[in-house]
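Q: Oh and the sequence shown: position 103 is 102 in numbering that gives the first Met the number 0, straight run, nothing missing.
All C-beta atoms in this analysis are idealised placements derived from N, C-alpha and C, irrespective of residue type, glycine included.
Remember, it's a predicted structure, so these values are computed and weren't measured experimentally.
One structure, as structure tokens, below. Some questions next.
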Amino acid sequence: MMKVISVVGYKKSGKTALVSALVRELSGFGAVGTVKHMGEQRLNPEETDTGRHFDAGADMVIGITGSELVSFSRDSNLEDSLDMLCDRGLDFAVVEGFKDSKLPKIALGNLEGVSNVIMRLPENTDIHEELTASLVGMALAQPDRYTLDALIKKIRKNLTIRKVGAIGTFTGIVRELAGEEKTARLEFEKYEPEASKALDKIRDEIKQKEGILEVLIHHKTGVIEAGEDIVYIVIASAHRTELFPALSEAIERVKAEAPIWKKEFTEKEEFWVHDREHT
């Protein structure tokens, strides 16, 4: 799991200083990654060897020195960058910039037109111990971000891994085409805390089955576009014969027992699926 927080503000407002202070403090709680909006400047110029590789049409170029690894890729965005950090098993991501994102934000100065601001501070604010403690508390309170790779890494770090003979995963995605209907996106809303309690119950009960060593379940909320992931289930078992029935039971129970409502947006209409199934 990874917690994400963003720092936004105008140029020379003290964003980098605040991000650096936050990274220093959060590193005491876990591994930290950062993402910075760099504008239009080019970090991989054409006169370098890696720049020539990139300009020749490579979709991704990785440069390795004696102490650093840097990757350059095409058509990446903020969400891709955060998923890359999460895939690496990092605990925190601190984002500098991207004021138009939906991320929780610490806003510096009188920056307007930004959403999800959880704290406002003066430009070039004095960074003292009390402030950094407050910022760390805010970061720790943010919702967890997961990727499938991050969940698999979590299982591999489990002390029971020496007993594991198989790891199986289930990924539910937004199906775009169903017959002649075309779904543009889905919106999921959890009824909390009951939804989390239901997922924990499913996880705990399946984990009690013979040969099942670990069960992880993550169901996303909010708007999810066609083709994107909705739910991840990762199960570790001693043998493969125990694995597949447990995976099947887990997803069927998530759909049946967890109070997670689904709104569907098609080309013609939008509707809550729960309402339609009970009419």
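Can you find the residues in the same chain that come closer than 8 Å, C-beta to C-beta, to arginine 144, ignoring five residues on each side of it along the sequence?
A: The residues are Met0, Met1, Lys2, Val3, Leu81, Cys85, Ala92.
Q: List the endpoints of the continuous alpha helix (DSSP H) containing arginine 119.
A: Counting along the chain, arginine 119 falls outside any alpha helix (DSSP H), though it belongs to the beta strand (DSSP E) covering 116-120.
Q: Less than 8 Å between the CB atoms is what I'm expecting for phenylalanine 264 and alanine 183, so what's the real figure, rounded?
A: The Cβ separation is near 5 Å, so the contact holds.
Q: How many angstroms separate the CA atom of lysine 35 from the CA atom of valine 230?
A: Rounded to whole angstroms, lysine 35 to valine 230 spans 28 Å at the Cα level.
Q: Which residue's Cα is closest to the Cα of lysine 152: Gly178, Asp90, His238, Lys181?
A: Selected option, being the one with the closest Cα: Asp90.
Q: Expressed to the nearest angstrom, what Euclidean distance is found between the alpha-carbon atoms of valine 116 and arginine 73?
A: If you take the alpha carbons of valine 116 and arginine 73, they lie about 30 Å apart.
Q: If you draw a straight line from the C-alpha of glycine 165 to the C-alpha of glutamate 129, how long is it?
A: Before going further, note that residue 165 is alanine rather than glycine in the sequence given. The straight-line gap from Cα to Cα measures roughly 47 Å.
Q: Assuming glycine 279 contacts leucine 110 (C-beta within less than 8 Å), just tell me the rounded distance between them.
A: Nothing in the structure corresponds to residue 279, since the chain is present only between 0 and 278.
Q: Where do the ends of the beta strand (DSSP E) carrying alanine 57 lie?
A: Note, alanine 57: premise wrong, no beta strand (DSSP E); not H, not E.
Q: Which word fits leucine 25, buried or exposed, when buried means at least 16 other C-beta atoms lie within 10 angstroms of its C-beta?
A: Classification of leucine 25: buried, given that the 10 Å Cβ count is 16 or more.
Q: In the structure shown, what three-state DSSP assignment does lysine 98 receive?
A: In the structure shown, lysine 98 sits in coil (DSSP, three-state: anything other than H, G, I, E or B).
Q: Would you say threonine 49 and valine 31 are within 7 Å of each other, going by their C-beta atoms?
A: Not in contact: threonine 49 and valine 31 (Cβ atoms no closer than 7 Å).
Q: Going by other Cβ atoms of all chains shown within 10 Å of its Cβ, with 16 needed for buried, is phenylalanine 28 buried or exposed?
A: Exposed, because fewer than 16 other Cβ atoms sit within 10 Å of the Cβ of phenylalanine 28.
Q: In this structure, how does DSSP classify valine 135 when only helix, strand and coil are distinguished?
A: DSSP places valine 135 in helix when its eight states are reduced to three.
Q: Can you round the beta-carbon distance between isoleucine 232 and threonine 159 to whole angstroms, since I take them to be within the 8 Å contact cut?
A: Rounded, the Cβ-Cβ distance is 17 Å, inconsistent with contact.
Q: Please classify serine 247: does DSSP put it in a helix, a strand, or coil?
A: If DSSP states are grouped into helix, strand and coil, serine 247 belongs with the helices.
Q: Count Cβ pairs between the stretch 132-143 and the stretch 189-205 that sit closer than 8 Å; are there 3 or more?
A: Judged by Cβ distances under 8 Å, the stretch 132-143 makes no contact with the stretch 189-205, as fewer than three pairs qualify.
Q: If you drop the 5 nearest sequence neighbours on each side, which residues of the same chain put their C-beta closer than 8 Å to that of valine 272?
A: So the qualifying residues of the chain are Trp260, Lys261, Lys262, Glu263.
Q: Going by alpha carbons, who is nearest to glutamate 193 out of His52, Leu42, Glu256, Leu77?
A: It is Glu256.
Q: Is the beta carbon of phenylalanine 187 closer than 7 Å to that of threonine 220?
A: Yes.
Q: In this structure, does DSSP put histidine 238 in helix, strand or coil?
A: Coil at histidine 238, not helix or strand.
Q: Rounded to the nearest angstrom, how far is the Cβ of glutamate 173 from that of isoleucine 223, given a contact under 8 Å?
A: It should be noted that the sequence gives valine, not glutamate, for residue 173. That pair is a contact at about 5 Å.
Q: For serine 5, does the count of other Cβ atoms within 10 angstroms reach 16, so buried, or fall short, so exposed?
A: Flag for serine 5 reads buried.
Q: Any idea what DSSP makes of valine 22, helix, strand or coil?
A: It is helical.
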